[in-house]
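Numbered according to this note's numbering, the sequence shown spans residues 19 to 297. The structure appears right after this line, and notes come after that.
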Amino acid sequence: MTHIALESLNIAGILLLGAGFLWKDRRAHLLRSVGWTLEGIYWFSRTSEYFSGDDQFNALGTIMALPIFCFLAYHEFNSYKWNDDYPPLRFVAGAMFIAGAGYILVQHVPAFSNFIIELVAHQSVWLANLGGYEFSVGSMGYEGVSLVGVPIMIVLECTAIQAYFIAGAFLFGCRGDPKIRGIIFLIMVPTIWVVNLFRNAMVIILVHNQGVDIFDFAHNILGKGLSVVALVLLIIVAFINVPELYEDINGLFELPWRRGPKHDYLRFVGRLYREDETA
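Next up, the structure:
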């Protein structure tokens, strides 16, 4: 597929998920089913791109996307067939729509994407220079901004913009007290920002000291490993303070056992954050 065809596939999938999320009609399940299928095809088609860039972490994610998204599409079709509204499915469709639409908009608005790329580049270099180095930020190019003193370019993916949209999508796409969700989001944003700066600074220093051959390991293994650990800790904090988010995500893991309408996905939920009412 050409780049334009792939992007069109992605945009169509995101729009269908958004329409299915907002439309309160039984047929919304069909829109979401098609949307998930298109998203699965889109992400799977990018597998070779990540493998060619020696990015095994994202390559694994794209391989898993097709079966997982098709599984969600299958359950959306079942929801239509059974005339059954399964809240976790609506939640994850809304989260995907918010995160995907937000990233697409940022990606296609150069003024905003260039601003955040340059801001992250300057702050990452400043943090790395605390170790006695003399890196600096070079000129902005088509893909991102180059650094002086190390053969690295800061691009949009280096800003952790995806993490902000995912955090916001999950928190504001679920049920629960809006005030608490807002507070948790305000905690997560600066935390993600700081962790990302440390990750970038670490990659810059390692490449400078060990050579460009270390980049793939530093960026794709160490850097993303640090991000995953931080994300897991933040998710635990969100689960404790916004139990509805935990319920919705638990409902997604219950899908393999969903055999018909009115599946009780909350039957094993409660011990992490509620007292046993039967005690």
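Cβ atoms here follow ideal geometry from the backbone N, Cα and C, with glycine treated the same way. The structure presented is a predicted model; accordingly, all values stated were derived computationally and were not measured.
For V213, no beta strand (DSSP E) encloses it; the enclosing alpha helix (DSSP H) starts and ends at P196 to Q228.
Of all C-beta pairs linking the segment 155 to 165 to the segment 232 to 239, fewer than three are shorter than 8 Å, placing the two stretches out of contact.
The beta carbons of A185 and I210 sit closer together than 9 Å. Taking C-beta separations shorter than 8 Å and ignoring five residues to either side along the sequence, the partners of L34 in its chain run L49, R50, V52, G53 and L56, following chain order. Counting C-beta atoms within 10 angstroms of its own C-beta, L215 has 16 or more neighbours from the protein chains shown and is therefore classed as buried.
Annotation for V110: the continuous alpha helix (DSSP H) segment containing it runs P105 to Q125. A Cβ-Cβ separation of about 6 Å places L107 in contact with H93 under the 8 Å criterion. N96 is positioned such that its CB atom lies no closer than 9 Å to that of R44. Burial state of H47 is buried, judged by a 10 Å Cβ sphere holding 16 or more other Cβ atoms. V166 sits in a strand when the DSSP states are folded into three classes. In the DSSP assignment, I172 falls within the unbroken beta strand (DSSP E) covering M171 to V173. Only residues of its own chain outside the window of five on either side were considered, and among them V213, F216, R217 and M220 have a CB closer than 8 Å to the CB of L244, listed in chain order.
Per DSSP, G156 lies in no alpha helix (DSSP H); the unbroken beta strand (DSSP E) holding it starts and ends at S154 to M158. Fewer than three Cβ pairs drawn from the segment 250 to 258 and the segment 75 to 89 lie within less than 8 Å of each other, which leaves the two stretches out of contact.
F133 sits exposed, since fewer than 16 C-beta atoms from the chains shown fall within 10 Å of its C-beta. Residue range P261 to F271 is occupied by the alpha helix (DSSP H) that includes D266. Nearest to A23 by alpha-carbon distance, out of G36, I59, P128 and F39, is I59. C-alpha of I267 to C-alpha of N76: approximately 22 Å in a straight line. For the pair G120 and E152, the Cα-to-Cα distance works out to about 35 Å. If the five residues before and after A139 are omitted, its C-beta is found closer than 6 Å to the C-beta atoms of V155, V163 and I172, all from its own chain and listed in chain order.
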